[in-house]
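Here the protein sequences line up with chains A and B, keeping their order.
Under my numbering, residues 26 to 177 are what the first sequence spells out, in order.
Under my numbering, residues 10 to 514 are what the second sequence spells out, in order.
We put the beta carbon where it would ideally sit given N, CA and C, even for glycine.
Encoded as structure tokens, the structure appears first; notes follow it.
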Amino acid sequence: MERAGRFRLEICFVFFLLALGFIIIFVSLGYGFGSLSRPGPGLYPGLIGAAISIFSFFILVSELRSRTAKAVLDKAGAKTLIFMTATFCLWIVAMPFLGYVVVTLLATYAFCKIMKLEGWRKPLAVSGGTALFLYLLFDYWMYIDLPRGIFG
Amino acid sequence: MEGLGLLFNGFVQCFTMPNLVACFVGALVGTLVGVLPGLGPTATMALMLPFTLSFGATTGLIMMTGVWYGAMYGGSTTSILVNIPGEAASVVTCLDGYQMCKKGRAGAALALVAVGSFIAGTIGILGLQFFAPLLGNAALAFGPSEFLCFMIFAFVLLSNLSAEAPLKGGVMIAFGLFLSTIGINPMDSYPRFTFGSETLMLGIDFLPIAMGLFGVSEILNIAIEKYVKPEVNKIRLKDLYPNREEIRRSVYPTLRGSVLGFFVGLLPGPCTVISTFVSYSLEKRISKTPGEFGHGAVEGVVAPESANNSAVMGSMIPLLTLGIPFAAPSAIMLAGLRMHNVEPGPMLFMNYPEIFWTFIAAMYLGNFMLLVLNLPLVGAFARIAVIRPQILMPIISLTCLVGVYSVRNSLFDVWVMIAAGVVGYFLRKWKYPIAPFIIGVVLGPTTENSLRQTLMMFNGDLSLIVNHPVSLTLLVLSAAFLIYKFMAPLFGNKFALKVEGDDVL
């Protein structure tokens, strides 16, 4: 089961690369290859597309023949990855509205809990310290004006 | 004499408060990064890029180089005391360093490594100081075909030395080159792969990609991995005295490692890592007591650590003289310099001599700072290794997020960084090397310009390249390397150069 999971994802990635190579060639043809003495804007990306296609084809063949696949992520690891990524994304979405200081405070707390920092005092201290540090760094030392949202 | 005058001027420039602070901060952060297992120097340099933008080009360059060679110093501390390499270039040090620690000679090993690294750093800087201007002058005669062939040579070696499977290295370079074509092509103002998006017209910025691939992916990796608290052996200042025999045995390995590391630094690929493996093998081969290696031989500790320090300086030469980074950290530096509108290459010595000579002076100073920092504070640095990632990683994550946003006030850049981080996590797991990708992104525009100019110059007839001896030599070397790679398995990989380790970026 583990082997199938890893196998599918990595093979999908190589298929994506293969398809990307062909798409680059196709789109580059539209830009025009020009001639060797007067190369057009499509020649260079076309060559790159060809290289990606060739390399990924051989990688695909070798991956399909490979019998030593191992799982990249177990269930707990996948959960951590999803929660970490979700926290990153929520920071981006919420930052313009709540301001970077508040969102940083909340996101740091969330990261601490996702990484299983026990209790609530330590995560609170880390998140408070991080928010304060970033506020001092960007506002006071570097004079960079960042969004403060509804609290600004 | 002119060089000495310029160097003196460099020292004068160096002794300004911003440069001194940058030098100290770079060296300190680098040492911390080296000590802490996980984040490597490349990731840290990528994460620090937004902050260097607040200073001048020279100050930024000084800080980033300080991080790189500071990490080389710090990496040995945990290798010797905990048997955990702080970064990839200290893997070899574990072999004999930890054995010395078990014999109660950890203090001596740390002292010899610190002094050895200082000597190696100084030899490396001397090499950089003398060779870089010479090569820079020679490179003034290089045309587009020479640059194109240098690029091909670098790509061939990079794809082969950075990955277990060269095909994976190759596809990563090609993918990086592709990414650099997105946006308006400056040669003919033609928009490519933008699909009508105004954001993509400007191209994809290098910084969020580098921060995502090196920084965020490493944060995700550390968050997912199970943390095992390391046990650190205590060390006191009075333990740092090596005995006469240990000093005698470490003199020549330090010098050999320094010279060897400097020349390995000139090669494309993870030069600091390669230099440690090559230097360790050399010492073992010429040793009268090879059986001691792996059981606490002092030569096996000082030679690789000296080599990785001087390799940092060696790898600066192609970056500063040709504008071609041969390793991931120098690619980050190139990107940093470009953000300051400084283009390294042959013209650097004519247009911005003050940058080069201030940088050289700062290297001497930084090397001395590292020695002063590392010897008395070694016990404190060792204790830092036990700071839990549950505390450190959230702080670094948020610094990344705010840092990348602050450069252009662009949420798109933050999205790119997160996407690059998640993709980078899987790429690492599937053993796709990230360094060739990032070098591909950085060198993409130069490669395209060189290719198109060469084709136009030769009127489409590529056979004219035989009239350009430098280009021809580089192409022959690239072909010879590829032939060697195909032939090596026929000889049972006896001569194959293999770099091991997960983090050989």
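> Around the C-beta of Met342 of chain B, are 16 or more other C-beta atoms found within 10 angstroms, so that it is buried, or is it exposed?
Replying inline: Label assigned to Met342 of chain B: buried.
> Buried or exposed: which applies to Met26 of chain A, given that a residue is buried once 16 or more other Cβ atoms fall within 10 Å of its Cβ?
Replying inline: With a pLDDT of 41 at Met26 of chain A, under the threshold of 50, the predicted position of this residue should be treated as unreliable, and no value is reported.
> When DSSP labels each residue in this structure, what does Tyr199 of chain B get in the three-state scheme?
Replying inline: Strand at Tyr199 of chain B.
> Where Arg461 of chain B and Pro64 of chain A are concerned, what is the direct C-alpha to C-alpha distance, given to the nearest angstrom?
Replying inline: Each residue's alpha carbon lies about 6 Å from the other.
> Whole-angstrom Cβ separation of Ile71 of chain B and Asn28 of chain B, contact assumed at under 8 Å?
Replying inline: With a beta-carbon spacing of about 6 Å, Ile71 of chain B and Asn28 of chain B fall inside the 8 Å limit used to define contacts.
> Counting along the chain, where does the alpha helix (DSSP H) carrying Gly323 of chain B start and finish?
Replying inline: Counting along the chain, the unbroken alpha helix (DSSP H) around Gly323 of chain B starts and ends at 308-323.
> For the candidate residues B:Pro398, B:Val282, B:Lys112, B:Leu186, whose alpha-carbon lies nearest to that of His515 of chain B?
Replying inline: There is simply no residue 515 of chain B to check, as chain B begins at 10 and stops at 514 in what is shown.
> According to the neighbour-count rule (16 or more other Cβ atoms, all chains shown, within 10 Å of its Cβ), is Glu35 of chain A buried or exposed?
Replying inline: Under the 10 Å beta carbon count, Glu35 of chain A is surrounded by 16 or more other beta carbons and is classified as buried.
> Does any residue of chain B bring its CB to less than 8 Å from the CB of Val165 of chain A?
Replying inline: What sits at residue 165 of chain A in the sequence shown is Tyr, not Val. False, the Cβ-Cβ gap to chain B never drops below 8 Å.
> Helix, strand or coil: which one does DSSP assign to Pro327 of chain B?
Replying inline: Helix at Pro327 of chain B.
> How many Å lie between Val21 of chain B and Ala31 of chain B at the Cα?
Replying inline: For Val21 of chain B and Ala31 of chain B, the distance between alpha carbons rounds to 15 Å.
>> By the three-class DSSP mapping on this structure, what secondary structure does Pro94 of chain B have?
In response: DSSP places Pro94 of chain B in coil when its eight states are reduced to three.
> How is the alpha helix (DSSP H) around Gly113 of chain B delimited, first residue to last?
Replying inline: Run containing Gly113 of chain B: none; DSSP gives neither H nor E here.
> Between the C-alpha atoms of Trp166 of chain A and Val416 of chain B, what's the straight-line distance to the nearest angstrom?
Replying inline: For Trp166 of chain A and Val416 of chain B, the distance between alpha carbons rounds to 15 Å.
> Helix or strand or just coil, what does DSSP make of Asn376 of chain B?
Replying inline: Collapsing the DSSP output to three states places Asn376 of chain B in a helix.
> What is the rounded straight-line gap between the Cα of Ile117 of chain A and the Cα of Lys100 of chain A?
Replying inline: Each residue's alpha carbon lies about 26 Å from the other.
> What does Asp422 of chain B reach in chain A if we use C-beta pairs closer than 9 Å?
Replying inline: Ordered by position in chain A, no residue passes the 9 Å Cβ test against Asp422 of chain B, which lies about 10 Å from the chain.
> Is the CB of Arg173 of chain A under 8 Å away from at least one CB in chain B?
Replying inline: For Arg173 of chain A, the answer is no, since every Cβ of chain B falls outside 8 Å of its Cβ.
> Since Val219 of chain B meets chain A, which of its residues come closer than 7 Å, beta carbon to beta carbon?
Replying inline: Val is not the amino acid found at residue 219 of chain B; the sequence shown has Ala there. Result: empty, since nearest Cβ-Cβ is about 17 Å, beyond 7 Å.
> Do the CB positions of Met402 of chain B and Ile228 of chain B come within less than 8 Å of each other?
Replying inline: Contact: yes.
>> Rounded to whole angstroms, what is the Cα-Cα separation between Leu45 of chain A and Phe421 of chain B?
In response: Cα to Cα, Leu45 of chain A sits roughly 22 Å from Phe421 of chain B.
> Residues of chain A with a CB under 8 Å from the CB of Ser415 of chain B: which are they?
Replying inline: Result: Phe163, Met167, Ile169, Leu171.
> If we count the other Cβ atoms within 10 Å of its Cβ and call it buried at 16 or more, is Asn383 of chain B buried or exposed?
Replying inline: Classification of Asn383 of chain B: buried, given that the 10 Å Cβ count is 16 or more.
>> Could you compute how far the alpha carbon of Gly154 of chain A sits from the alpha carbon of Leu211 of chain B?
In response: Here the alpha carbons of Leu211 of chain B and Gly154 of chain A stand approximately 36 Å from one another.
>> According to DSSP, is Ile333 of chain B part of a helix, a strand, or is it coil?
In response: In the three-state reduction of the DSSP assignment, Ile333 of chain B falls in the coil class, being assigned neither a helical nor a strand state.
>> What does the alpha-carbon distance come out to for the pair Pro59 of chain B and Val413 of chain B?
In response: So the two alpha carbons sit approximately 6 Å from each other.
> Does the beta-carbon of Ile49 of chain A have 16 or more other beta-carbons within 10 angstroms, so that it is buried, or is it exposed?
Replying inline: So Ile49 of chain A counts as buried.
>> Is the separation between the beta-carbon of Leu357 of chain B and that of Ser339 of chain B shorter than 8 Å?
In response: No, Cβ-Cβ distance for Leu357 of chain B and Ser339 of chain B is not below 8 Å.
> Can you tell me the Cα-Cα spacing of Met372 of chain B and Trp366 of chain B, whole angstroms?
Replying inline: If I take the Cα positions, the gap works out to 10 Å.
> Taking any Cβ of chain A, which residues in the region 180-210 of chain B have a Cβ under 7 Å from it, in chain order?
Replying inline: The region 180-210 of chain B vs chain A, Cβ under 7 Å: Val180, Ala183, Phe184, Leu186, Phe187, Thr190, Asn194, Asp197, Tyr199, Arg201, Phe202.
>> Which residues does DSSP list as the beta-bridge partners of Pro478 of chain B?
In response: Per DSSP, none; premise fails for Pro478 of chain B.
> What first and last residue would you give for the beta strand (DSSP E) that runs through Gly449 of chain B?
Replying inline: Not the beta strand (DSSP E): Gly449 of chain B falls in the alpha helix (DSSP H), residues 444-466.
> Met109 of chain A: which of B:Asn230, B:Phe159, B:Cys158, B:Ile295 sits nearest, CA to CA?
Replying inline: Taking only the C-alpha atoms, the option nearest Met109 of chain A is B:Asn230.
> Would you call Lys141 of chain A buried or exposed, if buried means 16 or more other Cβ atoms sit within 10 Å of its Cβ?
Replying inline: The residue is exposed, with fewer than 16 neighbouring Cβ atoms inside 10 Å.
>> Based on DSSP bridge pairs, tell me the residues matched to Gly192 of chain B.
In response: B:Arg201.
>> Spatial neighbours of Ser315 of chain B within its chain, please: C-beta separation below 6 Å, excluding the five flanking residues on both sides.
In response: In its chain, beyond the 5 residues on either side, Gly125, Ala129, Thr263, Gly266, Ser267 have a beta carbon closer than 6 Å to the beta carbon of Ser315 of chain B.
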